[in-house]
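Asks:
See below:
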């Protein structure tokens with residue numbers, strides 16, 4: 391069994407079609423079929439059911455897919471260890487971060503990092519916490535910045551900071567400049583919130599529910615930037631993480647009493663070897679907090 395057998399197998403499993411998989415691998419379809427047949431012969435059982443032009447994993451194939459992914463992740467970790475010998479003169483990083491973190495904190499960190507290590511290529515994906523967790527487990531990210539708990543038992547986790555919910559309003563809102571507001575008074579506010587799949591929205595809903603507050607949610611959006619723009623130019627209010635949207639022009643942050651807190655943390659896969667580039671960027675992020 392060779393590495394190409396594992397890579398070909400995983401590509402076919404993902405595409406569920408040998409032709410599409412061979413195209414993505416830049417090999418011919420007969421070559422892919424032959425390599426898969428070699429792998430099945432060596433393992434002594436079929437990994438795919440052929441259904442017309444499509445293929446799907448057998449029970450054995452599903453089990454082997456998990457093992458093959460893990461094996462390739464370990465090999466990639468070994469390669470990262472070898473790249474350390476280059477002393478950060480080359481390499482690449484892919485990280486997944488919360489949308490707000492990627493908008494309000496990461497740009498300055500990346501600007502300084504790029505000045506120090508100009509040969510390191512960085513790909514940043516703004517994702518929800520659940521997507522960060524999934525992509526980390528699939529080996530698609532070197533590390534992530536997300537909310538706890540987010541499957542914390544599956545990762546090495548380093549908390550960065552605790553963040554409280556706050557009410558945000560624009561200059562035109564009657565509460566602009568208010569030093570604080572009771573949580574129960576939110577029932578009188580017309581709110582624009584993140585959509586329900588976001589962790590911040592889940593925390594907002596749970597906090598309101600526990601305190602018996604029925605909110606007037608008049609608008610929902612799946613991104614923070616348009617929410618803030620709408621609040622800035624209207625009399626609507628929103629509830630977001632206080633630290634992640636701190637001191638923005640045209641917006642007023644009003645503390646809530648009582649409030650709710652969640653923790654932003656750095657997530658890495660357990661038992662993986664972080665590259666020197668990943669360690670350097672994690673250290674740069676850590677230094678900001």
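Numbering (my numbering), first residue to last: 391 to 679.
We put the beta carbon where it would ideally sit given N, CA and C, even for glycine.
Keep in mind the model is a prediction, meaning the values are calculated, not measured.
1) Take the Cβ of residue 600 as the centre, count every other Cβ of all protein chains shown within 10 Å, and call the residue buried at 16 or more, exposed below.
2) Quick one, are the C-beta atoms of residue 583 and residue 628 less than 8 Å apart?
3) Give the range of the beta strand (DSSP E) segment to which residue 652 is assigned.
4) Please classify residue 645: does DSSP put it in a helix, a strand, or coil?
5) Check whether the Cβ atoms of residue 518 and residue 473 lie closer than 8 Å to each other.
6) Taking only runs that begin and end inside the segment 488-532, name each unbroken beta strand (DSSP E) of 3 or more residues, in chain order.
7) Could you check if residue 655 belongs to the surroundings of the ligand NAP, using beta carbon to heavy atom distance under 7 Å?
8) Rounded to a whole number of angstroms, what is the C-alpha to C-alpha distance between residue 531 and residue 483?
9) Please list the terminal residues of the continuous beta strand (DSSP E) segment that includes residue 556.
10) Between the segment 602-615 and the segment 565-585, do at least 3 Cβ pairs fall closer than 8 Å?
11) According to DSSP, simplified to helix, strand and coil, what is residue 399?
12) Going by the DSSP bridge assignment, what does residue 571 pair with across the sheet?
13) Ignore the nearest five residues each way along the sequence and tell me which others in residue 432's own chain have a CB closer than 6 Å to its CB.
14) From which residue to which residue does the beta strand (DSSP E) around residue 627 run?
15) So, helix, strand or coil for residue 452, using DSSP?
16) Measure the beta-carbon distance from residue 658 to residue 545 and round it to whole angstroms, keeping in mind my assumption that it falls under 8 Å.
17) Assuming residue 558 contacts residue 608 under a Cβ cut-off of 8 Å, what Cβ separation, rounded to an integer in Å, is found between them?
18) By Cβ distance, which residues of its chain are closer than 7 Å to residue 502, with the 5 residues on each side in sequence left out?
19) What is the DSSP secondary structure of residue 538, counted as helix, strand or coil?
20) What distance in whole Å lies between the Cβ atoms of residue 529 and residue 723, which are believed to be in contact at a cut-off of 8 Å?
21) Helix, strand or coil for residue 438, going by three-state DSSP, please let me know.
22) According to the Cβ coordinates, are residue 656 and residue 521 closer than 8 Å?
23) Need the endpoints of the alpha helix (DSSP H) that residue 622 sits in, please.
24) Within 10 angstroms of the Cβ of residue 404, are there 16 or more other Cβ atoms? Answer buried if so, exposed if not.
25) According to DSSP, is residue 446 helix, strand or coil?
26) When you compare only the Cα positions, how much space is there between residue 450 and residue 467?
27) Quick check: residue 646 and residue 555, are their CB atoms within less than 8 Å of each other?
28) From 486, 676, 677, 661, pick the residue whose C-alpha is nearest to that of residue 471; which is it?
Replies: According to the structure data:
1) exposed
2) yes
3) Its beta strand (DSSP E) spans residues 651-659.
4) Three-state result, residue 645: strand.
5) no
6) 511-516
7) The ligand NAP is not part of the structure shown, which contains no ligands of any sort.
8) 8 Å
9) Following the DSSP letters along the chain, one finds residue 556 inside the beta strand (DSSP E) bounded by residues 545-560.
10) yes
11) helix
12) Residue 571 is bridged by DSSP to 646.
13) 391
14) 627-631
15) helix
16) Their Cβ separation, rounded to whole angstroms, is 6 Å, which keeps residue 658 and residue 545 in contact under 8 Å.
17) That belief does not hold up - the Cβ atoms of residue 558 and residue 608 are roughly 15 Å apart, past 8 Å.
18) 674
19) Coil.
20) Not covered by the structure: residue 723. The range shown for the chain is 391 to 679.
21) strand
22) No. Outside cutoff.
23) 614-622
24) In this structure residue 404 is exposed. Its beta-carbon is surrounded by fewer than 16 other beta-carbon atoms within 10 angstroms.
25) strand
26) 26 Å
27) yes
28) 661
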